[in-house]
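First comes the structure, then the notes that go with it.
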Amino acid sequence: MKKVIQILLVSLLVLTFTSCSSDDNGNQPDTSVVLLKKMESDVMGNHGVYNFSYSGRKLTKVNYEIHTPGIQTGYDKYFYTGELITEIKTFNGSNQNTFSTVFTYNANNQLEQVVKLNLQNSTATKMVFTYNSNGTVDALNYTGTLESQTTLTAVSEKYFIENNDIVRIEFTGSISQTAMDFEYDAANNPMRNVTGMDKIKLHTYDSDGRYGITKNLKKVTTYFATVQSSQVDFELVYDENNYPLTRYSSETSPGPFSYNFEYYK
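The sequence shown begins at 146 in this note's numbering and counts up by one.
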């Protein structure tokens, strides 16, 4: 079960490099707001270090080094169209572009589709979101080639959102988990001032603690199809601006999970 929890809480996806430039030299963060500079994570024995670069409030690059226990290095570049993140390109330590994640939006600037291209084996996945009148969001998953993703998979999701935060996800067709519940504090999330990040929350909810909307996770409960549910409770230490400095799982929770945050001054 620990392996399942690790997979759920250690996910991917980041990137949004500024408009049309591929060189971040000279770009500076907007120091009039709080922006995340560095995060260190320890997730069930796997150590990660992430360094964040910005142009103003737009995220341009995230460098990472992950010990699993082997060392994996690389970086994500973020691309924007206006105020919206439209692509994230992932590079390995040899500067090879291994993945590209493309975001499209509807007329209301809501995330409509996420296509992840695996450039190493020429395959791709696609998530398509439908916004319901009751505030929930349905997601269908497709697989295919780099050019077309038309094969519908058995697994689908329904997202429940309150106050701009995902509070529950229900999975249909999954052979492992059936639902996840999320509870938050009332403080500031490290990524709350990053342009466009709130628009892709349906994609980043499980991204190793790096991303959020306005607040921070205090509890995650995962419900499984064949075993009892698993609950992870987090404790947090905040700075004078009510941003987290550390977030770690309680002694009674599965894990351990811990995150340390450093901000631009």
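Where is the CB? At the ideal position from N, CA and C, for every residue including glycine.
Beta carbon of residue i, beta carbon of residue j: below 7 Å?
| i | j | result |
| --- | --- | --- |
| residue 364 | residue 328 | yes |
| residue 195 | residue 229 | no |
| residue 182 | residue 408 | yes |
| residue 218 | residue 191 | no |
| residue 402 | residue 188 | yes |
Identify which residue in the options has its Cα closest to the Cα of residue i.
| i | options | result |
| --- | --- | --- |
| residue 372 | 320, 400, 346, 401 | 320 |
| residue 207 | 236, 214, 231, 192 | 236 |
| residue 260 | 241, 234, 283, 280 | 234 |
| residue 383 | 262, 339, 406 | 406 |
| residue 242 | 297, 222, 341 | 222 |
| residue 256 | 232, 368, 399, 268 | 232 |
| residue 278 | 258, 265, 304 | 304 |
| residue 302 | 263, 187, 348 | 348 |
| residue 285 | 309, 336, 315, 265 | 315 |
| residue 211 | 281, 184, 224, 200 | 184 |
| residue 334 | 175, 174, 173, 180 | 180 |
| residue 370 | 322, 281, 341 | 322 |
| residue 262 | 309, 248, 410, 254 | 248 |
| residue 225 | 341, 346, 324 | 341 |
| residue 318 | 300, 308, 306, 309 | 300 |
| residue 176 | 209, 186, 200 | 200 |
| residue 138 | 264, 227, 254 | For the chain, the structure presents residues 146 to 410; residue 138 sits outside this window and is missing. |
| residue 174 | 336, 252, 343 | 336 |
Tell me which same chain residues have a C-beta within less than 6 Å of the C-beta of residue i, skipping the five on either side of it?
| i | result |
| --- | --- |
| residue 376 | 366 |
| residue 275 | 283 |
| residue 350 | 311 |
| residue 267 | 291 |
| residue 392 | 379, 381, 404 |
| residue 326 | 313, 366 |
| residue 273 | 258, 285 |
| residue 324 | 315, 368 |
| residue 172 | 200, 205 |
Within its chain, find whatever has a CB closer than 7 Å to the CB of residue i; leave out the 5 residues flanking it on each side and keep chain order.
| i | result |
| --- | --- |
| residue 239 | none |
| residue 170 | In this prediction, residue 170 scores a pLDDT of 43, lower than 50, which makes its location untrustworthy; no coordinate-derived value is stated. |
| residue 330 | 360, 361, 363, 381 |
| residue 158 | With a pLDDT of only 30 at residue 158, under 50, the local geometry of the prediction cannot be trusted, and no value is derived from it. |
| residue 345 | 230, 248, 256 |
| residue 308 | none |
| residue 216 | 210 |
| residue 220 | 206, 207, 208, 209, 236 |
Take residue i and list the residues in its own chain whose beta-carbon comes closer than 8 Å to its own, dropping the five residues that flank it on each side.
| i | result |
| --- | --- |
| residue 178 | 202, 338 |
| residue 332 | 360, 361, 381, 383, 387, 388, 389 |
| residue 288 | 268, 269, 270, 271, 294, 296, 298 |
Taking only runs of the alpha helix (DSSP H) that begin and end inside the segment 321-378, which ones reach a length of at least 4 residues, in chain order?
-> 346-349
Ranges of the alpha helix (DSSP H) found wholly within the segment 189-232, counting only runs of at least 4 | none
Going along the chain, which unbroken runs of the alpha helix (DSSP H) with 4 or more residues stay wholly within the segment 279-308?
-> none
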